[in-house]
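S.K.: I am attaching a structure below and will ask some questions about it afterwards.
Given below as structure tokens:
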């Protein structure tokens, strides 16, 4: 896995969203460090706790923002969020049932990287011009 570096090109310019994205980015990095050091199974509990909080806070905040701005692709965006919720729920259930190991940690890491590349860098960045134009509170 290549090391990721946070940069301004990853920012939406929407403070709350950027703060939450930076935290997710840091957690992915933390998981990868744990994988490399062989302590990923211990890290998984805190990762799943964080992801459940992230899902509850970030995805809901983002959906509220998009609804308030009448974002035309809101339904598609919300569907992707629901798929993410479901996949994290399934991985979390697997962790609770079977415990964690490096294979699960690698799967979670791969899933989070894919989410970052396909959702955050594409779908989220696609709404930025619309939201910045429509939202009077930014």
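Numbering (our numbering), first residue to last: 1399 to 1536. The beta carbon of each residue, even a glycine, is placed where N, CA and C say it ideally should be.
1) Give the C-beta separation of residue 1426 and residue 1460 to the nearest angstrom, bearing in mind that I take them to be a contact with Cβ-Cβ under 8 Å.
2) Would residue 1432 and residue 1503 be called neighbours here (beta carbons separated by less than 8 Å)?
3) To the nearest angstrom, report how far apart residue 1457 and residue 1476 are at their CA atoms.
4) Tell me whether residue 1454 is buried or exposed, calling it buried when 16 or more other Cβ atoms sit within 10 Å of its Cβ.
5) Secondary structure at residue 1470, three-state DSSP: helix, strand or coil?
6) Taking C-alpha atoms, which residue in 1515, 1443, 1481 lies nearest to residue 1497?
7) Output yes or no for whether 8 Å exceeds the beta carbon distance between residue 1492 and residue 1446.
8) Are the stretch 1461-1471 and the stretch 1508-1528 in contact at 8 Å, needing three or more beta carbon pairs?
9) Cα separation between residue 1409 and residue 1531?
10) Check each candidate in 1509, 1405, 1495, 1407 and name the one with the smallest Cα separation from residue 1483.
11) Please classify residue 1522: does DSSP put it in a helix, a strand, or coil?
12) Closest by CA to residue 1467, which one among 1527, 1405, 1404, 1406?
13) Give me, in chain order, the residues of the same chain whose beta-carbon lies closer than 7 Å to that of residue 1479; leave out the 5 immediate sequence neighbours on both sides.
14) Which of helix, strand or coil does DSSP assign to residue 1476?
15) Buried or exposed: which applies to residue 1441, given that a residue is buried once 16 or more other Cβ atoms fall within 10 Å of its Cβ?
M.R.: Reading from the atomic positions:
1) Here the question's residue 1426 lines up with position 28 in the chain shown. Here the question's residue 1460 lines up with position 62 in the chain shown. About 18 Å; that fails the 8 Å criterion.
2) Locating residue 1432 in the chain shown gives position 34, counting from the first residue. Locating residue 1503 in the chain shown gives position 105, counting from the first residue. The answer is yes: Cβ separation under 8 Å.
3) Taking the first residue of the chain shown as 1, we reach residue 1457 at position 59. Taking the first residue of the chain shown as 1, we reach residue 1476 at position 78. Going from the Cα of residue 1457 to the Cα of residue 1476 covers about 9 Å.
4) The sequence position of residue 1454 within the chain shown is 56, counting from 1. Of the residues assessed, residue 1454 falls on the exposed side of the cut-off, its CB having fewer than 16 other CB atoms within 10 angstroms.
5) Within the chain shown, residue 1470 is the residue found at index 72, counting from 1. Residue 1470: coil per DSSP, three-state reduction.
6) The sequence position of residue 1497 within the chain shown is 99, counting from 1. The shortest C-alpha separation from residue 1497 is found at 1443.
7) By one-based count along the chain shown, residue 1492 stands at place 94. By one-based count along the chain shown, residue 1446 stands at place 48. Going by C-beta atoms, residue 1492 is not nearer than 8 Å to residue 1446.
8) yes
9) What you label residue 1409 is simply residue 11 of the chain shown in a count that begins at 1. What you label residue 1531 is simply residue 133 of the chain shown in a count that begins at 1. Cα to Cα, residue 1409 sits roughly 16 Å from residue 1531.
10) One-based indexing of the chain shown puts residue 1483 at position 85. The residue with the shortest Cα to Cα distance from residue 1483 is 1509.
11) Translated into the one-based positions of the chain shown, residue 1522 becomes position 124. Looking at residue 1522 - three-state DSSP - the assignment turns out to be helix.
12) Within the chain shown, residue 1467 is the residue found at index 69, counting from 1. Of 1527, 1405, 1404, 1406, the residue nearest in Cα terms is 1527.
13) As a working mapping, residue 1479 is identified with position 81 in the chain shown. The answer, listed in chain order, is 1457, 1461.
14) Within the chain shown, numbered from 1, the residue matching residue 1476 stands at position 78. Here residue 1476 sits in helix by DSSP.
15) Translated into the one-based positions of the chain shown, residue 1441 becomes position 43. Burial call: buried.
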